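Enquirer: Numbering (our numbering), first residue to last: 262 to 449.
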């Protein structure tokens with residue numbers, strides 16, 4: 262009888278141990294999946310930053326899906342037809358600074374994500390060593406990312422110029438022209 266109770270207690274202990282071990286295994290598996298998801302988003306976030314820097318330098322092709330490469334090629338051809346001045350490879354780009362970057366996966370799709378970046382470009386203008394004379398552009402990039410061949414690629418990109426330093430100069434010139442026109446009209 263004593264042997265029966267011992268066997269029963271060992272069986273219950275073994276069952277509890279197996280249950281606890283299985284629970285720990287499933288929790289570990291869930292934790293690894295969660296960590297992998299965060300690592301995937303972190304890798305995408307880094308890829309998005311690299312894309313913004315590469316785009317500023319015109320070297321963004323490797324980050325695009327095949328469909329996006331074709332759309333960019335068509336857009337480039339349309340723009341080249343209307344271009345009067347051709348820029349050289351040395352554009353004077355001095356600094357590319359990522360001001361803000363936010364990347365998130367779409368909730369309903371695990372293989373799609375989007376990112377938002379605010380980028381500041383600083384161009385060194387010929388002859389001047391003063392940073393005050395540098396031309397600065399700020400633009401935002403909204404990218405839609407999909408996984409193509411197991412790698413995150415930008416499928417759709419929307420870029421908006423949010424400001425540049427020539428805006429102030431243009432405002433000053435417009436104000437001056439308006440004042441001159443007003444003086445000329447009042448003088449007649």
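Idealized CB from N, CA, C, for every residue including glycine. Quantities reported herein were computed from a predicted structural model and do not represent experimental measurements.
Are residue 318 and residue 362 closer than 8 Å when you measure CB to CB?
Expert: For the purposes of this step, residue 318 is taken as the residue at position 57 of the chain shown. For the purposes of this step, residue 362 is taken as the residue at position 101 of the chain shown. The answer is no: Cβ separation not under 8 Å.
Enquirer: Below 8 Å on the Cβ atoms is my guess for residue 400 versus residue 421; work out the distance and round it to an integer in Å.
Expert: In the chain shown, the residue the question calls residue 400 occupies position 139. In the chain shown, the residue the question calls residue 421 occupies position 160. Between residue 421 and residue 400 the Cβ distance is about 6 Å, and since that is below 8 Å, they are a contact.
Enquirer: State the Cα-Cα distance for the pair residue 294 and residue 263, rounded to the nearest angstrom.
Expert: Against the chain shown, residue 294 aligns to sequence position 33. Against the chain shown, residue 263 aligns to sequence position 2. Between residue 294 and residue 263, the C-alpha separation is close to 46 Å.
Enquirer: Let me know the secondary structure DSSP gives residue 264 once reduced to three states.
Expert: Here residue 264 refers to the residue found at position 3 of the chain shown. Reduced to three states, the DSSP call for residue 264 is helix.
Enquirer: For residue 312, which option in 366, 429 and 404 has the closest C-alpha, if you only look at C-alpha atoms?
Expert: In the chain shown, counting from the first residue as 1, residue 312 sits at position 51. Of the listed residues, the one whose Cα sits closest to residue 312 is 404.
Enquirer: Count the other CB atoms, across all protein chains shown, that sit within 10 Å of the CB of residue 406; report buried if there are 16 or more and exposed otherwise.
Expert: Taking the chain shown and counting its residues from 1, one reaches residue 406 at position 145. So residue 406 counts as buried.
Enquirer: Using the DSSP secondary-structure output, state which residues sit across from residue 381 in a beta bridge.
Expert: Within the chain shown, numbered from 1, the residue matching residue 381 stands at position 120. Looking at the DSSP assignment, residue 381 forms a beta bridge with 358 and 399.
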